[in-house]
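All remarks here apply to the structure that follows.
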Amino acid sequence: MICNYVKTNDYRDSVFLMGLGRRLGQVPGLERVAVLMATPMNLSLLDDMGVLGPEGKAAGPNDLIIAMSVTDAETGEKVRARLDALLNEKKPQPMGSGACRDIAAALRQLPGADLAVISLPGEFAVVEAEKALNAGLNVFMFSDNVAIEDERKLKQLARDKKLLMMGPGCGLSFLNGNAIGLCSKVRRGPIGLAAASGSGLQETMVLIDRFGSGVSQAIGVGGRDLRDEIGGITMLQAIDILEADVDTKVIVVISKPPGKNTERKIMDRLRACSKPVIVNFINGDKDAIVQAGAVATETFAETALAAISRLTPPVATKIVDLSASELAAIAASEVGKYAPEQRYLRGIYCGGTLAEEAMLIMRRSIGDIYANAPLSPDMLLANPQISREHCVIDIGAEEFTRGKPHAAIDPSPRLDRFRAEAADPAVALILMDFLLGYGCNPDPAGMMAETIAEAIAAAGRAGRHLSVVASICGSELDPQVFSAQKAKLRAAGVMVMDSNAAAARLAAAIIAMKNGVSGGRK
Amino acid sequence: MTTALPIGSPLKVVAIGAEVFADALREQAIETIQLQWSPPADIVRKHQRQLCELRESPLADKIAAANAKVIESLLNADPYWVDMKPAIEVVPGLKPNMILKSGPPLPWDQLCSTQRMGICNGILYEGLATSDAEAEALVRSGEVEFHAANDFEVVGPGAGILTPSMIVNVVEDRNSGKRGYCAPFEGPNKGGLSGWGIYNADIKKHLDLLRDVVGPIFSKMLKRIEGVPIKAIITRGVEMGDETHSRQEAESLILINKLFFLLFDEPAIPSDVLRCCVDFLDKTPRFFHPIGMASAMATLQSMKHMEYSTVVIAQVGNGVEYGIKVSSLGDQWFTAPSPQLKGMFLSSDTRQDDILPWIGDSCILEAIGLGGFAAAASPAVARLTGGTFADAIAQSREMADICLCENRNFLLPALDYAGSPAGIDLLKVLATGIQPVLHGGMISKTGKRMGAGTTRVPLACFAKAFAAFAAKYREEIPG
Numbered sequence: 001m002i003c004n005y006v007k008t009n010d011y012r013d014s015v016f017l018m019g020l021g022r023r024l025g026q027v028p029g030l031e032r033v034a035v036l037m038a039t040p041m042n043l044s045l046l047d048d049m050g051v052l053g054p055e056g057k058a059a060g061p062n063d064l065i066i067a068m069s070v071t072d073a074e075t076g077e078k079v080r081a082r083l084d085a086l087l088n089e090k091k092p093q094p095m096g097s098g099a100c101r102d103i104a105a106a107l108r109q110l111p112g113a114d115l116a117v118i119s120l121p122g123e124f125a126v127v128e129a130e131k132a133l134n135a136g137l138n139v140f141m142f143s144d145n146v147a148i149e150d151e152r153k154l155k156q157l158a159r160d161k162k163l164l165m166m167g168p169g170c171g172l173s174f175l176n177g178n179a180i181g182l183c184s185k186v187r188r189g190p191i192g193l194a195a196a197s198g199s200g201l202q203e204t205m206v207l208i209d210r211f212g213s214g215v216s217q218a219i220g221v222g223g224r225d226l227r228d229e230i231g232g233i234t235m236l237q238a239i240d241i242l243e244a245d246v247d248t249k250v251i252v253v254i255s256k257p258p259g260k261n262t263e264r265k266i267m268d269r270l271r272a273c274s275k276p277v278i279v280n281f282i283n284g285d286k287d288a289i290v291q292a293g294a295v296a297t298e299t300f301a302e303t304a305l306a307a308i309s310r311l312t313p314p315v316a317t318k319i320v321d322l323s324a325s326e327l328a329a330i331a332a333s334e335v336g337k338y339a340p341e342q343r344y345l346r347g348i349y350c351g352g353t354l355a356e357e358a359m360l361i362m363r364r365s366i367g368d369i370y371a372n373a374p375l376s377p378d379m380l381l382a383n384p385q386i387s388r389e390h391c392v393i394d395i396g397a398e399e400f401t402r403g404k405p406h407a408a409i410d411p412s413p414r415l416d417r418f419r420a421e422a423a424d425p426a427v428a429l430i431l432m433d434f435l436l437g438y439g440c441n442p443d444p445a446g447m448m449a450e451t452i453a454e455a456i457a458a459a460g461r462a463g464r465h466l467s468v469v470a471s472i473c474g475s476e477l478d479p480q481v482f483s484a485q486k487a488k489l490r491a492a493g494v495m496v497m498d499s500n501a502a503a504a505r506l507a508a509a510i511i512a513m514k515n516g517v518s519g520g521r522k
Numbered sequence: 001m002t003t004a005l006p007i008g009s010p011l012k013v014v015a016i017g018a019e020v021f022a023d024a025l026r027e028q029a030i031e032t033i034q035l036q037w038s039p040p041a042d043i044v045r046k047h048q049r050q051l052c053e054l055r056e057s058p059l060a061d062k063i064a065a066a067n068a069k070v071i072e073s074l075l076n077a078d079p080y081w082v083d084m085k086p087a088i089e090v091v092p093g094l095k096p097n098m099i100l101k102s103g104p105p106l107p108w109d110q111l112c113s114t115q116r117m118g119i120c121n122g123i124l125y126e127g128l129a130t131s132d133a134e135a136e137a138l139v140r141s142g143e144v145e146f147h148a149a150n151d152f153e154v155v156g157p158g159a160g161i162l163t164p165s166m167i168v169n170v171v172e173d174r175n176s177g178k179r180g181y182c183a184p185f186e187g188p189n190k191g192g193l194s195g196w197g198i199y200n201a202d203i204k205k206h207l208d209l210l211r212d213v214v215g216p217i218f219s220k221m222l223k224r225i226e227g228v229p230i231k232a233i234i235t236r237g238v239e240m241g242d243e244t245h246s247r248q249e250a251e252s253l254i255l256i257n258k259l260f261f262l263l264f265d266e267p268a269i270p271s272d273v274l275r276c277c278v279d280f281l282d283k284t285p286r287f288f289h290p291i292g293m294a295s296a297m298a299t300l301q302s303m304k305h306m307e308y309s310t311v312v313i314a315q316v317g318n319g320v321e322y323g324i325k326v327s328s329l330g331d332q333w334f335t336a337p338s339p340q341l342k343g344m345f346l347s348s349d350t351r352q353d354d355i356l357p358w359i360g361d362s363c364i365l366e367a368i369g370l371g372g373f374a375a376a377a378s379p380a381v382a383r384l385t386g387g388t389f390a391d392a393i394a395q396s397r398e399m400a401d402i403c404l405c406e407n408r409n410f411l412l413p414a415l416d417y418a419g420s421p422a423g424i425d426l427l428k429v430l431a432t433g434i435q436p437v438l439h440g441g442m443i444s445k446t447g448k449r450m451g452a453g454t455t456r457v458p459l460a461c462f463a464k465a466f467a468a469f470a471a472k473y474r475e476e477i478p479g
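If you read the protein sequences in the order shown, they are chains C and B. Heads up: the first sequence at position 247 corresponds to 247 in my numbering, and the numbers run straight through without jumps. Heads up: the second sequence at position 342 corresponds to 342 in my numbering, and the numbers run straight through without jumps.
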């Protein structure tokens, strides 16, 4: 029988229509079908094909006609329905610019995305973070300059949605083996970390790896999370996660000294924690930590070691720390080469917390240290561009990075500063850190090596001796490769120590010996 | 309660900001999308938070449902050219002492000179005054009123002057019964009274001829054949290189071709009258354009007054201000200073300053997915507006980012027969900061044709509309 269906006033291009038959495929009971615009010529074609019925004959040139010969009406109906579907089939290629301008568009392109990494200027970062959280994404926010009340709102929103709001001001996180932010890749292992300090977290992670263990998860919470305005919202979530995580056997908590109320909350939480906890509150109060049943540590190397020491079965640590006599021997050798006027130490750091750690260690033996981020307010440099006496500069501080990428990405401001310090006849020793990891500069050691070697040679020609002491905050798994960076620095004449703490101890030992044991500030 | 790390494996990341972070993740083979983020305009920034809240509120579902209905009307619109009659006989609400003009309403003293001239000339044509001074006095006294054409379902291209006795094309959407009206172009008289507000003996003669001789024949003929379906003509035109705003070459040919035969079949036309009708078809450049515009108007009328809908249903300018309307906000206007066009000039000595900011209602075509939105249909227009065809394709794709549907009635061959993006969503415009793009002609401040180009609808129109939307539904918006 002949079945004709007419769709009035529905123009389709004839090439498109001809393709329909092929796409329809085999239908049992269908002898022949043609889909055409009902122009007079096409009607006569359909007539010749023997599929034109009375409805088709009445159609006009703007009408679409489906004309077929089938065994029964039911088949005709089936064919019509399938052709209708083909006629209205959605294009597989979605329209749109393909540009992902907002999170909603990104989620359409990458369904199941679970993390937003945000590094926009503060005011914009807040808006995007809120959108991300509302869309069900965790947020890693590198950006700082976010209003504290916005930070609290974002963190509360995240907590309500059972999501993590890492940051603002979060330098890195190491989650499920993924290095996020400016972050080292380290071996996986049984130690979980939660930290409100980027470089402190990175140093502890790489030392855990270097000393022979590994990291389960490392959650950056943002530098201000433990201030009372925020109340440690993310830190408490992170501790919950690490406690629940079967791969985590020991928990490490790192932060600058927390706000009083927040400290109480964190300590209450740690007291109830079923896993061993190591806490480094960088120059903070240890008593509360000990009372909470956790281990309090001072340096990040200590923190890493303490964490490894709590593992069962025990892990043999591969630590090569210098003994007091070894330190003294190196110091004596260096001191012997200095010109009489060389007496000062200068630190040029990329990692803010590492600079702080170094100052805390060195202050004990060489006395107060000037800084752009000093340990006590009276040691603030009047002009951060000009060093005086013993001095440690955090080149990652805002006054150096305004409008530029972070010092870990582009440490080039350090080159000029290094040359200036090296040329100062009163300077005996320069102390540095080198940050490795994904997102960091691809060759921080190579970038400095030539300048260091030249400066050491120039000092020699001028009848002086320049000591350069450094540590590398990175691992063998980093794209820059720890051992390769170390070799470059060694070749340039740098004394490379295994940790920032060790480097600071060596630097302090040398300078203390040069200036007499009680030396330092006049 | 067990608290698991809320991060999946493998990790999937959306990166916003410095690309170094996305690169670092990709280096680890982590699937990462970098947002093409740029600092939003102040207007956009101001509304981000509220847009966020709106998206999360129960109102979002109501908006989506309302917009879906409006889009259904848009897609199912089936405009027929049904009549050609003096405006006073067919345009609802029009009175003998009214002159219509393009764009949003504006007080007399703020109108651009082209429109003031056009309104006075319209009064002269209606025989209500015999001099410009007299005409202006009638306006100032309020004896003659002037109104926004869009408020009367009339499309006013250019100056958009429509007087009660001028004839209009009547287009009816068979799906909704809604109508749109637009005066036919004035044959050899360039922009004429309707488009450029100019008036002289030739223009009067032609307008009279249309009203007294051509109009009645077409009216009779259109009734006899029960109207000419327009949708299919645009569908074919778009496939043949028309974007239907700056170019309707194919559409005019298809329609005129059909009309020749219809005229031939029309009984009892004296040969001199037939000659007038044929001349009208032959000597009216862009004959199809007013019918296309009236079709867009009929379609947009069917999308109006849907509670909660955020779809733009009008976007028009008057050379001073540009205004939009939004479905759920009815006939409320949201205006901002009219934007300047950029493009190609006819004469080498033209300066950007000479060009009148956007004037005319023709850009309602963009609101149904034609013109600038269908740029990918038309390589010729891409050249006309000073871009490449690749730019045109990118432009259509970009417009899809602020639209709610692909108009399956207008398929773009260059985009694999995807439907042209249509249904401008106020919320998407504000969320993305992407301004609707318009194709159009340039006229000078003294009413001369200067060139062709493109411009964008000001964001401020959308910001104002959003404020009104938020105010209207404030009880349902959280925060």
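For every residue, glycine included, the Cβ atom is placed at its ideal position computed from N, Cα and C. The structure presented is a predicted model; accordingly, all values stated were derived computationally and were not measured.
Whole-angstrom distance between residue j and residue i, CA atom to CA atom
i: Gly53 (chain C); j: Glu476 (chain B); result: 56 Å
i: Asn318 (chain B); j: Trp358 (chain B); result: 7 Å
i: Tyr11 (chain C); j: Ala394 (chain B); result: 26 Å
i: Gly76 (chain C); j: Ser73 (chain B); result: 30 Å
i: Lys265 (chain C); j: Lys69 (chain B); result: 53 Å
i: Met166 (chain C); j: Thr299 (chain C); result: 24 Å
i: Arg521 (chain C); j: Ala426 (chain C); result: Its pLDDT being 38, under 50, Arg521 (chain C) is placed unreliably in this model, and the value from its coordinates should be taken loosely. Cα-Cα distance, rounded: 14 Å.
i: Ile291 (chain B); j: Leu346 (chain B); result: 26 Å
i: Thr350 (chain B); j: Leu341 (chain B); result: 13 Å
i: Cys473 (chain C); j: Ala195 (chain C); result: 16 Å
i: Leu75 (chain B); j: Ala106 (chain C); result: 27 Å
i: Leu300 (chain B); j: Gln202 (chain C); result: 60 Å
i: Leu210 (chain B); j: Arg224 (chain B); result: 19 Å
i: Ile233 (chain B); j: Ile256 (chain B); result: 11 Å
i: Leu170 (chain B); j: Lys231 (chain B); result: According to the sequence provided, residue 170 (chain B) is Val. The question's Leu does not apply to it. Looking at the two C-alpha atoms, the distance is approximately 15 Å.
Closer than 7 Å: residue i CB and nearest the ligand MG heavy atom
i: Ile230 (chain C); result: No copy of the ligand MG occurs in the structure displayed, which carries no ligand at all.
Contact belief for residue i with residue j at Cβ below 8 Å, rounded distance in angstroms
i: Ile402 (chain B); j: Pro436 (chain B); result: 7 Å
i: Ala488 (chain B); j: Ile33 (chain B); result: Nothing can be reported for residue 488 (chain B): it is not among the residues displayed for chain B, which extend from 1 to 479.
i: Pro157 (chain B); j: Gly447 (chain B); result: With 8 Å as the limit, Pro157 (chain B) and Gly447 (chain B) do not qualify as a contact, their Cβ atoms being about 13 Å apart.
i: Ala480 (chain B); j: Val155 (chain B); result: Residue 480 (chain B) lies beyond the residue range present for chain B, which begins at 1 and ends at 479; the question has no answer from this structure.
i: Arg456 (chain B); j: Pro339 (chain B); result: 6 Å
i: Ile251 (chain C); j: Gly336 (chain C); result: Actually they do not touch by this definition, with Cβ atoms about 46 Å apart.
Contact set between residue i and chain B, taken where Cβ atoms lie within less than 7 Å
i: Cys350 (chain C); result: Here the premise fails: no neighbours, minimum Cβ distance about 15 Å.
i: Gln217 (chain C); result: Leu5
Proximal chain B residues relative to residue i, where beta-carbon distance stays under 9 Å
i: Phe142 (chain C); result: Gly17, Ala18 and Phe21
Partners in chain C for residue i, counting only beta-carbon separations shorter than 8 Å
i: Ile532 (chain B); result: Nothing can be reported for residue 532 (chain B), as the shown portion of chain B is limited to 1 through 479.
i: Val82 (chain B); result: Within chain C, no residue comes near Val82 (chain B); the closest Cβ sits about 14 Å away, beyond 8 Å.
i: Arg49 (chain B); result: Val127 and Glu130
i: Glu27 (chain B); result: Tyr438 and Pro479
Among the options, nearest to residue i - alpha-carbon criterion
i: Lys162 (chain C); options: C:Ile180, C:Asn134, C:Ile369 and C:Thr262; result: C:Asn134
i: Ser376 (chain C); options: C:Leu415, C:Leu360 and C:Ser365; result: C:Leu360
Closer than 8 Å at the beta carbon, the chain B residues around residue i
i: Lys153 (chain C); result: Near Lys153 (chain C) there are no residues of chain B at all, since even the closest Cβ is about 11 Å away, more than 8 Å.
Amino acids of chain C, ordered along the chain, whose beta-carbon sits closer than 9 Å to that of residue i
i: Ala68 (chain B); result: Per Cβ cutoff of 9 Å: no residues; Ala68 (chain B) is ~15 Å from chain C at best.
i: Val311 (chain B); result: In chain order: nothing, as chain C lies at least about 17 Å away.
Residue i - containing alpha helix (DSSP H), residue span
i: Ser490 (chain B); result: Any question about residue 490 (chain B) goes unanswered here, given that chain B covers just 1 to 479.
Span of the beta strand (DSSP E), counted from its first residue to its last, around residue i
i: Gln217 (chain C); result: Val215 to Gly220
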